[in-house]
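One structure is given below, encoded as structure tokens.
Have a look at this one:
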């Protein structure tokens, strides 16, 4: 067996399937996966379209308004709120099940991993109630279709989706000198409305340049001013209805909220072109050398090591800049990067990685109870779907996932679901297929002994909880 096979299946991909045949030309195989990636597989066919998602958000807005208009009827407000939360939870669970199903069944798992990488890079989290409606739509209709394009297009698409605007409080940001703010503050001097810098700060710190990359507070403020006007219809009790012809839940630009005037970000001036002003700044940020270095390091941490070689990061950044942020060109450089192939099983699997890899091996995932159980399992392992709770997303470092308690949770989960696996068969042979040259003799002997005991699932549980399987 090619000693680098597991790097292709586990580090680039999401783990080998029990019946998966892996060709000898691993680099060619990975490139072919990128070419064959389907951003809208059949599993998404039943997912509600954007109009239905917007309708669900509109329903949420109406329920909140109705609850407030009940004249202080607390019981009615609670009932309406409970109904909304239950429906949102149902939509979220169905979408999470779809995400898991696509990951487990994917024949292009390198591309599927890239979907998860970019979704985590541009993270949103469902702690905010509207995100229970929008988080899946955001990944399915913004991240998935754009991972094979340019970083610029991906960044702009993220900035245009209600999920990001709501999550990072862009819907609360109003230009202090905008027409609406001037009128409102004149009427209510005790409660001024104005700028919210959250989204602007995270664009610079997380999405593009990275921390300690040369920008200052004035750059954050100027970008926040440029972003004013971009919001989501229906936010704020429908106050935008008189300004825009849009359904609740649609991303809109409202000129009356926009801070007038030119902006200066990182020494470059941008004319007041209304809706286009922020986009012009984002296009420039997307292609700066600092952005290339930031994205390159994140890719290297995810695909090479927690502390990747500086030379590898530099080569990936050069590929980013040379291609004007063309993402397939960066992925090609990653496939050809020597450092990726020189350190087998250098990365510790996150709970998402470990459980998806386990499901791909065992064949447990499917419809109904299996998928619902998988959704609960991600929460039990500390990585619930679309719920990182922070705009920085989930950690990619072993130190955050390898505590004794976290490892014990994986062992207990493996012992619970291994007996239910559809693929029992020859577990020692399966271990060789899954782990290849990484399979230690001690692990192989333990699996053989467990299988000899005759207790269903014990050998498979040992495979899934082995130190080798914990890494990729």
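Numbering (this note's numbering), first residue to last: 544 to 1015. Here a beta-carbon is modelled for each residue, glycine too, at the ideal position from N, C-alpha and C.
Cβ-based neighbour list, residue i, same chain, cut-off 6 angstroms, excluding 5 preceding and 5 following
i: residue 936; result: 663 and 666
i: residue 989; result: 1005
i: residue 708; result: 714 and 775
i: residue 856; result: 839, 840 and 843
i: residue 700; result: 685 and 689
i: residue 1007; result: 901 and 957
i: residue 812; result: 805
i: residue 687; result: 582 and 658
i: residue 949; result: none
i: residue 675; result: 631, 635 and 669
i: residue 698; result: 825 and 829
i: residue 1001; result: 993
i: residue 746; result: none
Backbone secondary structure at residue i - three-state DSSP
i: residue 758; result: coil
i: residue 700; result: helix
i: residue 731; result: coil
i: residue 943; result: helix
i: residue 910; result: Confidence in residue 910 is poor, its pLDDT being 48 and thus under 50, which makes the residue's placement unreliable; the coordinate value appears in the next sentence. Coil at residue 910, not helix or strand.
i: residue 979; result: helix
i: residue 545; result: coil
i: residue 841; result: helix
i: residue 985; result: helix
i: residue 834; result: helix
i: residue 641; result: helix
i: residue 602; result: helix
i: residue 801; result: coil
i: residue 768; result: helix
i: residue 741; result: helix
i: residue 787; result: coil
i: residue 562; result: coil
i: residue 684; result: helix
i: residue 933; result: coil
i: residue 1006; result: helix
i: residue 666; result: coil
i: residue 926; result: coil
i: residue 717; result: coil
i: residue 650; result: coil
i: residue 999; result: coil
i: residue 885; result: coil
i: residue 618; result: helix
In DSSP terms, what residue i is bridged to
i: residue 1014; result: 891
i: residue 774; result: 795
i: residue 807; result: 812
i: residue 693; result: 869
8 angstroms contact criterion, which residue i and residue j should meet: CB distance rounded
i: residue 574; j: residue 878; result: 6 angstroms
i: residue 636; j: residue 606; result: No, residue 636 and residue 606 are not in contact; Cβ-Cβ is about 19 angstroms, not under 8 angstroms.
i: residue 570; j: residue 846; result: About 14 angstroms; that fails the 8 angstroms criterion.
i: residue 740; j: residue 771; result: The pair is not a contact, with the Cβ atoms about 11 angstroms apart (cut-off 8 angstroms).
i: residue 766; j: residue 743; result: 4 angstroms
i: residue 926; j: residue 947; result: Contact doesn't hold; Cβ gap of about 17 angstroms is too wide.
i: residue 680; j: residue 585; result: Contact doesn't hold; Cβ gap of about 18 angstroms is too wide.
i: residue 994; j: residue 977; result: Residue 994 to residue 977, Cβ: 15 angstroms. No contact.
i: residue 853; j: residue 905; result: Contact flag wrong, Cβ pair sits at about 39 angstroms.
i: residue 768; j: residue 749; result: So it is not a contact: roughly 20 angstroms between Cβ atoms.
i: residue 654; j: residue 576; result: 5 angstroms
i: residue 881; j: residue 711; result: In fact, because the Cβ distance is near 38 angstroms, the residues do not count as touching under 8 angstroms.
i: residue 835; j: residue 814; result: Residue 835 to residue 814, Cβ: 26 angstroms. No contact.
Residues near residue i by beta carbon distance below 8 angstroms, same chain, minus five either side
i: residue 678; result: 635, 638, 667, 668, 669, 706 and 929
i: residue 837; result: 751, 752, 753 and 756
i: residue 973; result: 561, 904, 966, 1003 and 1006
Same chain, Cβ closer than 7 angstroms to residue i, five either side skipped, listed in chain order
i: residue 673; result: 600, 603 and 709
i: residue 757; result: 833
i: residue 981; result: 549, 887, 888 and 1011
i: residue 931; result: 666, 668 and 937
i: residue 807; result: 765
i: residue 797; result: 772, 774, 783, 786 and 787
i: residue 827; result: 811
i: residue 719; result: 737, 738 and 802
Count the C-beta pairs between the stretch 865-877 and the stretch 788-802 that are closer than 8 angstroms, then say yes if the count reaches three, no if not.
no
Closer than 8 angstroms is the cut-off here; do at least three beta carbon pairs connect the stretch 750-761 with the stretch 833-845?
yes
Pair every Cβ in the stretch 916-928 with every Cβ in the stretch 580-594, then say whether three or more of these pairs are closer than 8 angstroms.
no
Would you call the stretch 684-695 and the stretch 859-868 in contact, with 3 or more CB pairs under 8 angstroms?
yes
Does the stretch 890-908 come within contact of the stretch 952-961, defined as at least 3 CB pairs closer than 8 angstroms?
yes
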